[in-house]
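Numbering (my numbering), first residue to last: 21 to 263.
Heads up, the beta-carbon is just placed ideally off N, CA and C, and yes, glycines get one too.
Just below is one structure, and these are the notes that go with it.
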Amino acid sequence: MPDPFARKTYLHAVPDADLSVRFSLGKRTRALQMQGFLKTLAAAGVSPEPPSRVELLVLTLSDWRRLLSAPYGWALARRSAEEVTLLVPATYPPRLLNKWDAVRLRAAQAGVRAPGGVGAWCDAQVGLEWAHALLLSQQRGPAVKAWVREVTAAYLYQRLLHELDVSRMDYLNAWARLQQAGARPSAPEAEAFSYPRAKMPFDDLLWTQSALWLRSAALGEQHGWALPSAEVRSLLKIHPAPL
21 MPDPFARKTY LHAVPDADLS VRFSLGKRTR ALQMQGFLKT LAAAGVSPEP
71 PSRVELLVLT LSDWRRLLSA PYGWALARRS AEEVTLLVPA TYPPRLLNKW
121 DAVRLRAAQA GVRAPGGVGA WCDAQVGLEW AHALLLSQQR GPAVKAWVRE
171 VTAAYLYQRL LHELDVSRMD YLNAWARLQQ AGARPSAPEA EAFSYPRAKM
221 PFDDLLWTQS ALWLRSAALG EQHGWALPSA EVRSLLKIHP APL
């Protein structure tokens, strides 16, 4: 098993036939927790066919910086010539978590309260990035627009949650409504979404990704939860407005 990104850092490994995981020193427990969560999603059996290999990396800040230029704190999926990798932060920086304070306050003033802690929401977002990784592993031909892929990934994740635990989808829908109520984007345009998401201004990101999440949820409510990814993209062409 080669070291990630041409041996830029050394990671410990837990080989697994379904989802291999590598992790920074001291982060085995966190890595196994994330692996278990993603294997539960995979067991729902509604991911794209044919199944493709995705590797999970759970990284400390120092290892993350050796591998990536994207800011630390948001999980992301990355595709190379050899494989698709899902990169997950081992911890969430206090600076990132503290940015939520103003958003939550404004949402509360509008009557929308958080359904839980920010860290738990960040963990749940790893499932969305898992869906991104699956879509990347199936990608053929030219890349689609970032906002289209985000809606398609959100639909896939919501489909998995619909099969496994609808209450988790309700939980994430509640967080999306909080982001809509509390974020103050510079320009409220969902098509402005870019990936990796960490490179967007914080309030722009929260508003945009939540708008696209709710757009996906509306597709599921209207058309059901059995649409292939290609059909989701076709529906977005027919109804291009993300909101």
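query = Touch check for the segment 39-59 and the segment 170-183: three-plus C-beta pairs under 8 Å?
reply = no
key: Coil, strand or helix - residue 253 by DSSP   = Numbered from 1 along the sequence shown, position 233 holds the residue referred to as residue 253. Helix at residue 253.
query = Nearest to residue 45 by CA position, among 38, 29, 219 and 163, is which residue?
reply = As a position in the sequence shown, residue 45 is number 25, starting the count at 1. Closest by alpha carbon: 29.
query = Residues bridged to residue 97 by DSSP?
reply = The residue labelled residue 97 in the question sits at position 77 within the sequence shown. The bridge partners DSSP lists for residue 97 are 106.
message = Which same chain residues end up closer than 8 Å to residue 165 when comparing Cβ atoms and leaving out the 5 residues on each side of it in sequence?
response = For the purposes of this step, residue 165 is taken as the residue at position 145 of the sequence shown. 211.
inquiry  = Taking the beta carbon of residue 172 as the centre, do at least 16 other beta carbons fall within 10 Å, making it buried, or is it exposed?
reply    = Taking the sequence shown and counting its residues from 1, one reaches residue 172 at position 152. Label assigned to residue 172: buried.
ask   = Expressed to the nearest angstrom, what Euclidean distance is found between the alpha-carbon atoms of residue 97 and residue 184?
value = As a working mapping, residue 97 is identified with position 77 in the sequence shown. As a working mapping, residue 184 is identified with position 164 in the sequence shown. The straight-line gap from Cα to Cα measures roughly 23 Å.
query = So, do the segment 72-84 and the segment 124-132 have three or more beta carbon pairs nearer to each other than 8 Å?
reply = Taking 8 Å as the limit for Cβ pairs, the verdict is that the segment 124-132 does not touch the segment 72-84.
request  = Would you kindly work out how many angstroms separate the C-alpha atoms of residue 38 and residue 156, rounded to a whole number?
outcome  = Residue mapping note: residue 38 aligns to position 18 of the sequence shown, counting from 1. Residue mapping note: residue 156 aligns to position 136 of the sequence shown, counting from 1. Residue 38 and residue 156: Cα-Cα distance of roughly 17 Å.
message = I want to know whether the segment 97-113 touches the segment 147-154 - three or more CB-CB distances under 8 Å.
response = yes
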